Amino acid sequence: MSLIIPRGAMNSPLPDAAILLAEAKKLYTQKELAALLNKVPRTIARWESGTSPIDANALQVLRNILSRTPSADGADFTFIDLFAGIGGIRKGFEAHGGKCIFTSEWDSYSQKTYKANFPNDDHEIHGDITEITDPETQIPDHDVLLAGFPCQPFSLAGVSKKNSLGMPHGFECSTQGTLFFDVQRIIAAKKPKAFLLENVKNLLSHDKGNTFRVIHDVLTKQLNYDVTFKVIDGKHFVPQHRERILIVGFKKDIGFKAALGDNWKNLNLPSLETGPKLSSILHPEDGAEDDVDEGRCIDKKGKVQKKYILTDKLWAYLQAYAEKHRLAGNGFGFGLVTKENTARTLSARYYKDGSEILISRGKGRNPRRLTPRECARLMGFGDDYKIPVSDTRAYKQFGNSVVVPLIAHVAGFMKPFIMEMKALEADTTNPRLF
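Structure (structure tokens):
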């Protein structure tokens, strides 16, 4: 929707500043405006009451935001989705008016799930990102680059396994470790206004911190982006302990880091203590649930299908395995939880035995795995999200995905700054006459 700014507000100085502020308040809350303008909310309140004048810098930012021209299709900004998986990061940015104009994902099963959930795209999914030899011509211009570049080379589990097999990992891994540099190539060629990168928490400590130092240096010193990062637990939004690092960069310093505050304190994450419990994502098994998966996860009475209940043999094995490691002083074992708990991290290995998250069915009864639908909910996907692949593939896909509401929360904080960057670049291309 186009926003028409009163002529006086654009040409006249301070007397019409109140008009600019009133128009901005139609788009943003007081808190959002304060973050955008690098002010405190009480300053915005003083402006609104007229007890304090709006400074010239703040006025210019307001003009930039209010004079933006929406794209023809109504999207506020465009983005590309690299290492897209099943579209979790995409969903977070779509929630704030973004439009995906390019997708890259090499796994054919993930492509299947992606296409089932985004059937109206006007672009095909590009497979192997390393085959993009000329990003300048092969990738469309875009405002934001999104990339959940591969986790395995930097994950604790992946490093431990590769070490035990004498295999290289991180940037030494010839198949995945260098894929970050494909992100680098695309940023260098297309120069997006902003980016968001997602990875496992262990990226910070991998190779004694050298891996992350390389990444940070590339982004800040070679590509010259203003970069900030934080490890955030998905438990703020879903009943799952899932720590991931988010790296956000803007092409220039427009106050994003200052608005976030130290340790991203102004992101205002929901409380961990009062976060949702597993009851919010589990099948209620009372017959009242709409069966969106047509008998795949629950039966006609709403009960979870028996195939998800552990066999006596597997349950005995997991208990013996856990006891063995307990006696040895190790932390390995299954994670038995009730509906009042939160879960461990859902991993891509969940399909093997489901041991990290087992749902208690009461004393004397074997526990069960999560169903694919419950895994989708555990990652913040709605029940309208389609699961067109096998259980094994679905477990892998959700275990490799992101917590959608967390991404959406960060995207919401980024959006005003993305829009400001758009306005600033538009001013550079088409200078104003006033």
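If you're matching positions, the sequence shown starts at 676 in this note's numbering and goes up one per residue.
Ideal Cβ placement from N, Cα and C applies to all residues, glycine included.
Computed from a predicted structure; not experimentally measured.
What's the C-alpha gap between residue i and residue j?
{"i": "residue 847", "j": "residue 1027", "result": "Because the pLDDT at residue 847 is just 44, under 50, the model does not fix this residue reliably, and the value given afterwards should be weighed accordingly. Straight-line Cα distance between these residues: approximately 28 Å."}
{"i": "residue 1000", "j": "residue 990", "result": "16 Å"}
{"i": "residue 749", "j": "residue 996", "result": "56 Å"}
{"i": "residue 890", "j": "residue 938", "result": "20 Å"}
{"i": "residue 911", "j": "residue 1017", "result": "11 Å"}
{"i": "residue 819", "j": "residue 777", "result": "11 Å"}
{"i": "residue 977", "j": "residue 805", "result": "46 Å"}
{"i": "residue 784", "j": "residue 952", "result": "30 Å"}
{"i": "residue 944", "j": "residue 757", "result": "26 Å"}
{"i": "residue 764", "j": "residue 823", "result": "8 Å"}
{"i": "residue 743", "j": "residue 715", "result": "The predicted position of residue 743 is uncertain, since its pLDDT is 49 and thus under 50; no value can be drawn from it."}
{"i": "residue 873", "j": "residue 726", "result": "43 Å"}
{"i": "residue 729", "j": "residue 948", "result": "39 Å"}
{"i": "residue 832", "j": "residue 884", "result": "Only weak support is given to the placement of residue 832: the predicted model assigns it a pLDDT of 49, under 50, and the value that follows is read from those uncertain coordinates. The straight-line gap from Cα to Cα measures roughly 17 Å."}
{"i": "residue 830", "j": "residue 1036", "result": "Low per-residue confidence applies at residue 830: pLDDT is 46, beneath 50, and the placement is therefore not dependable enough to give any value."}
{"i": "residue 1012", "j": "residue 1069", "result": "21 Å"}
{"i": "residue 779", "j": "residue 1058", "result": "25 Å"}
{"i": "residue 718", "j": "residue 1083", "result": "27 Å"}
{"i": "residue 907", "j": "residue 882", "result": "21 Å"}
{"i": "residue 984", "j": "residue 959", "result": "16 Å"}
{"i": "residue 1051", "j": "residue 723", "result": "44 Å"}
{"i": "residue 677", "j": "residue 692", "result": "Below a pLDDT of 50, predicted positions are generally treated as unreliable, and residue 677, at 36, falls in that range; no measurement from the model is reported."}
{"i": "residue 1099", "j": "residue 895", "result": "21 Å"}
{"i": "residue 1002", "j": "residue 987", "result": "23 Å"}
{"i": "residue 836", "j": "residue 975", "result": "Residue confidence is low: residue 836 scores 48 on pLDDT, short of 50, so the model does not pin down where it sits. No coordinate-derived value is stated."}
{"i": "residue 811", "j": "residue 786", "result": "24 Å"}
{"i": "residue 964", "j": "residue 955", "result": "12 Å"}
{"i": "residue 1008", "j": "residue 759", "result": "31 Å"}
{"i": "residue 913", "j": "residue 946", "result": "11 Å"}
{"i": "residue 809", "j": "residue 1004", "result": "53 Å"}
{"i": "residue 998", "j": "residue 909", "result": "30 Å"}
{"i": "residue 968", "j": "residue 706", "result": "40 Å"}
{"i": "residue 981", "j": "residue 766", "result": "32 Å"}
{"i": "residue 1102", "j": "residue 721", "result": "29 Å"}
Give me the residue from the options with the minimum Cα distance to residue i.
{"i": "residue 1064", "options": "941, 979 and 971", "result": "971"}
{"i": "residue 868", "options": "891, 898 and 855", "result": "898"}
{"i": "residue 1044", "options": "823, 973 and 822", "result": "973"}
{"i": "residue 703", "options": "1099, 993 and 1088", "result": "1088"}
{"i": "residue 865", "options": "734, 708 and 926", "result": "926"}
{"i": "residue 697", "options": "730, 727 and 737", "result": "737"}
{"i": "residue 979", "options": "932, 962, 1062 and 1052", "result": "962"}
{"i": "residue 771", "options": "699, 753 and 1058", "result": "753"}
{"i": "residue 942", "options": "905, 895, 956 and 984", "result": "905"}
{"i": "residue 854", "options": "895, 807, 879 and 877", "result": "807"}
{"i": "residue 802", "options": "887, 789 and 724", "result": "789"}
{"i": "residue 919", "options": "968, 1094 and 1074", "result": "1074"}
{"i": "residue 1097", "options": "817, 798 and 721", "result": "817"}
{"i": "residue 935", "options": "699, 879, 1090 and 731", "result": "1090"}
{"i": "residue 794", "options": "809, 1031, 1038 and 775", "result": "775"}
{"i": "residue 661", "options": "1029, 1039, 856 and 1102", "result": "Past the edges of the chain, shown from 676 to 1109, lies residue 661, and the structure says nothing about it."}
{"i": "residue 857", "options": "825, 878, 887 and 879", "result": "825"}
Please confirm whether residue i and residue j have their CB atoms less than 8 Å apart.
{"i": "residue 671", "j": "residue 924", "result": "The displayed coordinates of the chain run from 676 to 1109. Any statement about residue 671 would go beyond what the structure contains."}
{"i": "residue 1079", "j": "residue 1056", "result": "yes"}
{"i": "residue 761", "j": "residue 1076", "result": "yes"}
{"i": "residue 1033", "j": "residue 1047", "result": "no"}
{"i": "residue 921", "j": "residue 871", "result": "yes"}
{"i": "residue 814", "j": "residue 861", "result": "yes"}
{"i": "residue 1010", "j": "residue 1019", "result": "yes"}
{"i": "residue 1071", "j": "residue 792", "result": "no"}
{"i": "residue 755", "j": "residue 821", "result": "yes"}
{"i": "residue 768", "j": "residue 929", "result": "no"}
{"i": "residue 734", "j": "residue 708", "result": "no"}
{"i": "residue 1053", "j": "residue 915", "result": "yes"}
{"i": "residue 957", "j": "residue 1015", "result": "no"}
{"i": "residue 876", "j": "residue 903", "result": "no"}
{"i": "residue 751", "j": "residue 773", "result": "yes"}
Does any CB atom of chain B fall closer than 8 Å to the CB of residue i?
{"i": "residue 909", "result": "The question asks about chain B, but that chain is absent: this structure has only one protein chain."}
**Asked** Which ranges would you report for the beta strand (DSSP E) in the segment 853-890 if only whole runs of at least 3 residues count?
**Response** 869-875
Ordered list of alpha helix (DSSP H) runs contained in the segment 996-1077, each at least 4 residues
1025-1028, 1047-1053 and 1066-1074
Exercise for review: Enumerate, from N- to C-terminal direction, the unbroken alpha helix (DSSP H) stretches of 4 or more residues contained entirely within the segment 922-980.
Suggested key: Taking only runs of at least 4 residues, the alpha helix (DSSP H) segments lying wholly in the segment 922-980 are 931-935.
If you scan the segment 737-820 from start to end, which runs of the alpha helix (DSSP H) of 4 or more residues do you find wholly inside it?
763-769, 783-792 and 810-813
Start-end ranges of the alpha helix (DSSP H) lying completely within the segment 689-720, minimum 4 residues: Segments of the alpha helix (DSSP H) lying fully in the segment 689-720: 692-700 and 705-711.
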